[in-house]
Each structure stands twice: as structure tokens, then as C-alpha cells.
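Okay, so here's the structure we're looking at.
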Amino acid sequence: MGRYSSELYEKDFQGKITTLNTKGSRIINMSKFMESEFVQAGLDKIERLQQEIFEEVMDYPNLDYDEKLEHLGKLEELIETQSLMYARMSLSDDPAAIERRKNIQEFCEMMGFAGGNDVRSVFEEMKATVRGMKEDLDS
10 MGRYSSELYE KDFQGKITTL NTKGSRIINM SKFMESEFVQ AGLDKIERLQ QEIFEEVMDY
70 PNLDYDEKLE HLGKLEELIE TQSLMYARMS LSDDPAAIER RKNIQEFCEM MGFAGGNDVR
130 SVFEEMKATV RGMKEDLDS
């Protein structure tokens, strides 16, 4: 169950997973979608990549060619992993997946991405931007 494996669980009548601490107090609700091994692995990977990228972003101008290429590779991997996670959410009828998908769409609109509600086009835009950055490195 990913990062939540040390907690106790119970299912409510709607099939949602409720996490309990050792005293039985409710901590969080996880849906079947969120408890999926694939979803947990994807979220863990996204979190790890975001942390690595965030740690390097301020030093990007000072990185050498190979370090910049590695940083951009992490960006590509992050975008691809996020895109895959969004595709999984799009195929799910789980309420948690639907809510997360809606939040992502609203965020894209708020940030002014040209794709707006078509989040897949936003991912394609981001991939093109990173490709352009890689091309700029080689020029």
C-alpha cells in the first residue's frame, strides 16, 4: 500500500479506505483508485522527481552541460509520469480520481495554459518546451 503501509485500514460502506492511527482515530480517506499499487508508485515517483528538480532549479544557470541535460531529462520523466497518471485518472470512475482530474484541469486553466481543459495538450506543450530547452543547449 505504498507509503501508508504502517497504518491500519478499514473500508466504509462506499468502498473507501479509511486510515486509522493506532488509537483508532481516522486520519485520511483513500479510495480504491488511490490505494492501487500502480497509483502509489506513480505518486511516489512524481514526488521524488519534483523534489530533485526543485533542489536543482535555482542552480540551473550554473550547471554544466551534462548536469543541465540530466536536469531536463528529469523534467521529461516527470512530465511523462504525470501524463500517465492523468491518463489513469481519466479512465477511472473513482470519485477521488475524478476530483483530482478536475483539480488538475482547473489548475491548468488558472495558470493560463493554452490547452485549458485539454490537459493532454498541456502535457504536450510542456514536452515541447523541454525539447526546445534541450535544443538551445546544443546551439
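Residue numbers (this note's numbering): 10 to 148. We put the beta carbon where it would ideally sit given N, CA and C, even for glycine.
Rounded straight-line distance, which links the Cα of residue j to that of residue i
i, j, result
"residue 72", "residue 102", "44 Å"
"residue 26", "residue 142", "Here the model assigns residue 26 a pLDDT of 46, short of 50, so the residue's position is not dependable, and the following value carries that caveat. Their Cα atoms are separated by approximately 42 Å."
"residue 139", "residue 41", "34 Å"
"residue 70", "residue 59", "18 Å"
"residue 65", "residue 127", "29 Å"
"residue 115", "residue 133", "17 Å"
"residue 53", "residue 117", "22 Å"
Boundaries of the alpha helix (DSSP H) in which residue i is found, first to last residue
i, result
"residue 135", "128–147"
"residue 99", "74–100"
"residue 51", "46–66"
"residue 119", "104–119"
Distance CB(residue i)-CB(residue j) smaller than 8 Å
i, j, result
"residue 90", "residue 55", "yes"
"residue 105", "residue 43", "yes"
"residue 136", "residue 79", "no"
"residue 109", "residue 99", "no"
Candidates the options: closest to residue i by CA position
i, options, result
"residue 146", "57, 99, 45 and 74", "74"
"residue 87", "112, 129 and 51", "51"
"residue 49", "99, 94 and 81", "94"
Cβ neighbour criterion (16 or more within 10 Å) applied to residue i
i, result
"residue 144", "exposed"
"residue 119", "exposed"
"residue 47", "exposed"
"residue 45", "buried"
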